[in-house]
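Quick notes on the structure that follows.
As structure tokens, this is what we get:
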């Protein structure tokens, strides 16, 4: 499937970023990188690349998957587990953290790292994605977006500037700009206007970011987010505008929101080559193991998704041979590990039959063990992808791996 | 409060244990201990004692607390956690395991140790306590007790013999005899008849135990359970009858079922000295930290209780200064550990404010962290008790500790 062309009937392509100056304000030195991705290998048969970038909380090897720690915890896990699983960076959700525990508590705690006892890198989204999914509870203006808390109905406003402030209070190593994530089926005009507004917000976010200090003595990078739906010209223009500002890294937003998978791949294929080679590229909210491998092949370095943790709690685990449903009665007498090729604590110590029992009797321990496995699976998938890129075998390995994952899981 | 005397109006004291022979059948050597408690220290100021007994899955130092792993998991924990917390022995519930996953699955798995990935000692109760709490769903006969599953209403029968078989299938290191646990307010006559029946069951259980092999190559001990409510003569007779058979250890059952705490202490004070000094004494289902310390002073060696795990999930944690309610808003800005004197993973890495946040937003991780702390607190309490007994300071330390736990927890 091709990326949608701009509708012919839409006459106006005039862009409105004349307010973007090309010389950006200088940053506070205390709180700035610039963050750079050192590429160590590129794949001959694809756009896949392996690299490393440094944060003040440690280095991150790419391609990387970031487990999602929505409300200051990766669900069912503790920080020690994340270390043991090989997590190099985790994600926090600004929207959720802003509502609970809130900026004041996070400041008093000394930031999210200290609050949640995680001393590795943290990336925070801007909260935009969550706010824009509250269809009934929000009102957008040029200034930002007003919304009602999904918890207690209290009214709040996110602006380009104050989500930077909130992420300063959180103290993430990588912050994201506020953006609108329009519904996949929005019109070209809607996408254009939305993208243009998001790019104005991005510019304001950067200007505010470089003028405000980090309270906790470590640096914070700021990533821009490419928007524009499935429209090639809008994506290209969005990319161009962000690069004029010059962010520490670039995310592709507004995907995995209902569009066909091939369309997502096409947008990634189109946008990634436009981005600077020496800065991280982050595909937000994606996706299945197959999605990750396909998008690595298209030049993406960073991913986050609730899928491994959410699926685990629903009893669905990923293996190198495809998904396994832990509520399947056929597992009750199955004494193999979830995945014989997995090195996680769950697979080294427990059988499918045992974990199926824990799900059958609704034991919390079952949620924990399945989460451990799924997160490890995603992290191990990325480790293996890095190895294959380094060894120059990525494309062939990817095809075999995807094929193997799509095969029927044999009954024991 | 004194132990209730037998009612004067009850004329009959004739006991009906004439069927108990004094020479017991010999055991299968492959599956037998005898289990012996090696006492290392006794306290001068109380009946407290420190010792050690061996099982084929390792030694157990007493006094000991056994975390409760009802359905093949200590709720919210995994086996690695239990090791890290210093658990020396855990408890499994025969009633729950019999219903799910059931004996066949447990046999196919190679027993509970392999099923749940725990290689330390396991004690199983007999299922009696659970069945007798199903007031509406059971029918008692001399043979045993018929009941309906609380899950699906299916009908089952527990007999003195088949609960031994189930515990063989489970493969616990220590099994318990089937007993009736009557309601605390039952009459003397009810308690007498019930105790006598339970003692006949105990005898039958022992005879069946010594005639049946263990399927997994390790030995299994069998403990008798003293019943008799709060009636001194019934307790004494029950103890006498069990000792005539000669079990590997002796439990005191039928307490912590609604009677006043002082009555429980009085029964323990009365029964413990009647039991053999060189075998473990286990007070079933007890209790608070204070209960444990008071009963250690009365000569008890082993305890189990759901309190640390259940309270943790309800947001109530134990500390050396008393209980803390994790839902208390005053903790939101409290950056101290749950207990400054605790060495658990939770207290070494996380603050009250963080754990309060996790409870406030209903994160599973909060249940895990609180459980880790509470289980460690109980195990550390027993470690400290053993040290104090060894140092000859138990009684004074116990008084100070109970006083400190009952003090108001200061607000930070």
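Residue numbers (this note's numbering), protein chains in the order written: chain F, 1 to 412; chain D, 1 to 412. Glycine residues also receive a C-beta, built at the ideal position from the N, C-alpha and C atoms.
How many whole angstroms separate the CB atoms of residue 112/D and residue 72/D, which I take to be in contact at a CB cut-off of 8 Å? The beta-carbon separation of residue 112/D and residue 72/D, rounded to 6 Å, stays under the 8 Å limit for a contact.
Using a Cβ cut-off of 7 Å, pull out every chain F residue sitting near residue 333/D, in sequence order please. Within 7 Å Cβ-Cβ: 105 and 108.
Is the beta carbon of residue 384/D sitting closer than 8 Å to the one on residue 353/D? no
What residues are listed by DSSP as bridge partners for residue 249/D? 223/D
Counting only beta-carbon separations shorter than 8 Å, does residue 191/F have a partner in chain D? no
Is the CB-CB distance between residue 313/D and residue 365/D below 8 Å? With respect to the 8 Å criterion, residue 313/D and residue 365/D are not classified as neighbours on the basis of their beta carbons.
With H, G and I counted as helix, E and B as strand and the rest as coil, what does DSSP make of residue 214/F? coil
I want to see whether chain D comes within less than 8 Å of residue 349/F, judged by CB atoms only; does it? yes
Closest Cβ-Cβ distance between residue 352/D and chain F: below 8 Å? no
Outcome for residue 404/D when other beta-carbon atoms lying within 10 angstroms are tallied against a minimum of 16: exposed
So, are the CB atoms of residue 305/D and residue 68/D less than 8 Å apart? yes
Does the distance from the CB of residue 79/D to the CB of residue 122/D come in under 8 Å? no
Inter-residue CB distance, residue 167/D and residue 175/D (contact presumed, cutoff 8 Å): Confirmed, about 4 Å.
Since residue 124/F is in the beta strand (DSSP E), which residue starts that stretch and which ends it? First-last of the beta strand (DSSP E) with residue 124/F: 122–124.
Would you identify the three-state DSSP class for residue 33/D, choosing helix, strand or coil? DSSP places residue 33/D outside both helix and strand once states are collapsed to three, so it counts as coil.
Check whether chain F comes within 8 Å of residue 364/D, counting only Cβ atoms and requiring the distance to be less than that. yes
Backbone CA spacing between residue 29/F and residue 212/F [nearest angstrom]: Reliability of the predicted coordinates at residue 29/F is poor, the pLDDT of 41 falling under 50, and no value is obtained from them.
Backbone CA spacing between residue 376/F and residue 76/F [nearest angstrom]: 14 Å
Exposed or buried, residue 362/D, counting other C-beta atoms within 10 Å across all chains shown (16 or more means buried)? exposed
Taking residue 79/D as the query, report the chain F residues whose CB atoms sit under 8 Å from its CB, ordered along the chain. 349
With three or more C-beta pairs closer than 8 Å as the rule, is the segment 200–207 of chain F touching the segment 241–256 of chain F? yes
Which same chain residues end up closer than 7 Å to residue 94/D when comparing Cβ atoms and leaving out the 5 residues on each side of it in sequence? 124, 125, 126, 127, 163, 166, 167 and 170
Closer than 7 Å, Cβ to any Cβ of chain D: which residues of the segment 44–72 of chain F, in chain order? Going along the segment 44–72 of chain F in chain order, one finds 71 and 72 with a Cβ nearer than 7 Å to chain D.
Should residue 81/F go down as buried or exposed, given a rule of 16 or more other Cβ atoms within 10 Å for buried? buried
Does residue 407/F come out as helix, strand or coil in the three-state DSSP assignment? coil
Identity of the residue in 146/F, 251/F, 141/F and 255/F nearest residue 184/F by Cα: 255/F
Kindly indicate the opening and closing residues of the alpha helix (DSSP H) around residue 154/F. Taken as a continuous stretch (DSSP letters only), residue 154/F belongs to no alpha helix (DSSP H), as it is neither H nor E.
CB contact below 8 Å: residue 337/F versus chain D: So, not an interface residue.
Whose C-beta lies closer than 8 Å to the C-beta of residue 270/F among residues of the same chain, with five residues either side of it excluded? Once the five neighbours on either side are set aside, the close Cβ partners of residue 270/F are 3, 232, 235 and 236.
Short of 6 Å in beta carbon distance, which residues of its chain neighbour residue 50/F, apart from the five on each side in sequence? Order them along the chain. 40, 41, 386, 389 and 390
What are the boundary residues of the beta strand (DSSP E) that residue 282/D is part of? 281–283
For residue 27/F, collect the residues of the same chain with a Cβ closer than 6 Å to its Cβ; drop the 5 residues on either side in sequence, then sort them by chain order. Low local confidence applies: a pLDDT of 46 at residue 27/F is under 50, so the model's placement there is unreliable, and no value is given.
6 Å Cβ shell around residue 317/F - same chain, five flanking residues per side excluded: 324, 338, 370, 373 and 374
Exposed unless 16 or more other CB atoms sit within 10 angstroms - verdict on residue 279/D: buried
Are the C-beta of residue 199/F and some C-beta of chain D separated by less than 8 Å? no
Residues bridged to residue 111/D by DSSP? None; residue 111/D has no bridge partner.
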